[in-house]
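I have placed the structure first, in the form of structure tokens, so that the comments after it can refer back to it.
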Amino acid sequence: MRVASIQLNSGRDVDQNLNRVDHLLAEAAQLRAELAVLPENFAFMGGSEDDKRNAAEEQDNSPIIKHLSAQAKKHGMAIIGGTLLLKGEKGRLRNSSPAFDQDGRLLAVYDKIHLFDMDYQGEAYRESALIEPGSRSVVVDFDKWRIGLSICYDLRFPELYRLHASADCHILCNVAAFTAVTGSAHWEPLLRARAIENQCYVIASAQTGLHADGRQTWGHSMIIDPWGQIMVSLSEGEGVITADLSLEEVHRVRKSMPVLQHRRL
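Using the numbering used here, the letters of the sequence shown map in sequence onto residues 40 to 304.
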């Protein structure tokens, strides 16, 4: 299966962001991708808490979900829709990742479980002040492939990915807006570790560059094989990268070193 990872520099203008997304999805389709993955906050990035509340949509009547569904159907290409803000309970929001098949059918929506709270080197983030955490892992089936969904900060919690591996996933997907300071230190080693320990492909799609709220994101979207080798990557700037994945390669790696069968805990 040919897959595409899309890297963006999203801002506050939803229409402008979606126009850019449409262009890059079309490019992925022209490259014969069967699955395309968008980054976290692809439709809206930056802004105040009020801006984020105003951008949040009801899941059952979300224009952005409908837009991605139409794009998937138009291109005959499955899409993992990064994340968008959906309305939650008691005035809180959800940071949610929708997944669509090639006919535009919504397969599942994953709500980010681990929320990014950080205070390091003068940068402070409190995602938990606005977002309600998800409570369950989500796996989607596409053709013969099983794909485990995750979002950004989830990457630091290997138990989530072990749940995906236990569910016989072949691909682990992380959609992100990693900060430059944490990304430069941890992004690549964490992604490669998740691939190695679970013997899965990893598709990582990220935000890049400077955003409207002054946040600098790391970029470096990449696709990694089950042996932990980087197949393709994009350091900076917007764009599309593709790679051809093989189920036989997943089975070969797992047979040659049956790590998942050797677990004792």
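Using N, Cα and C, we set each Cβ at its ideal position, and we do this for glycine too.
Annotation: the continuous beta strand (DSSP E) that includes Arg-185 extends over 184-190. Residue range 227-237 is occupied by the alpha helix (DSSP H) that includes Ile-235. Apart from the 5 residues on each side of it in sequence, Met-157 sits with its Cβ closer than 6 Å to the Cβ of Tyr-164 in its chain, given in chain order. For Ile-104, the enclosing alpha helix (DSSP H) has its first and last residue at 102-114. When rounded, the separation of the alpha-carbon atoms in Ala-168 and Ser-189 is 20 Å.
Look at Ala-204 here: in three-state DSSP terms it is helix. Pairing Thr-247 with Gln-46 gives a Cβ-Cβ distance under 8 Å. Not a single unbroken stretch of the alpha helix (DSSP H) spanning 4 or more residues falls wholly within the segment 252-287. Rounded to the nearest whole angstrom, the CA to CA distance from Ser-49 to Leu-63 is 13 Å. CA-to-CA, the gap between Ile-210 and Lys-113 works out to about 24 Å.
With a 10 Å radius around the Cβ and a threshold of 16 neighbouring Cβ atoms, Lys-105 comes out exposed.
Runs of the alpha helix (DSSP H) lying entirely within the segment 132-186, each at least 4 residues long, are absent. Residue environment for Glu-128: exposed (fewer than 16 other C-beta atoms within 10 angstroms of its C-beta). Counting along the chain, the unbroken alpha helix (DSSP H) around Asn-93 starts and ends at 88-94.
Taking C-beta atoms as the reference points, Met-40 and Leu-74 count as a pair closer than 8 Å. The alpha-carbon separation between Lys-91 and Leu-124 amounts to approximately 7 Å. Contact fails between the segment 274-282 and the segment 290-299, because fewer than three Cβ pairs, one in each stretch, are under 8 Å apart. Across the structure, Asp-182 and Gly-115 are spaced so that their CA atoms are roughly 13 Å apart. In this structure, the alpha-carbon of Val-279 lies about 19 Å from that of Met-84. Rounded to the nearest whole angstrom, the C-alpha separation of Leu-299 and Cys-239 is 11 Å. By the C-beta density criterion, Asp-207 is exposed, having fewer than 16 other C-beta atoms within 10 angstroms. Counting only the Cα atoms, Asn-213 lies some 20 Å from Leu-132. For Ser-49, the secondary structure class from DSSP, reduced to helix, strand or coil, is coil.
In this structure, Ser-260 and Ala-243 form a Cβ contact; the two beta carbons are roughly 6 Å apart against a cut-off of 8 Å. If you draw a 10 Å sphere on the C-beta of Glu-79, you find 16 or more other C-beta atoms in it, and that means buried. Closest in C-alpha terms to Ser-136, from the list His-250, Asp-142, Pro-172, comes Pro-172. One Cα belongs to Asp-61, the other to Tyr-159, and the distance between them is close to 35 Å.
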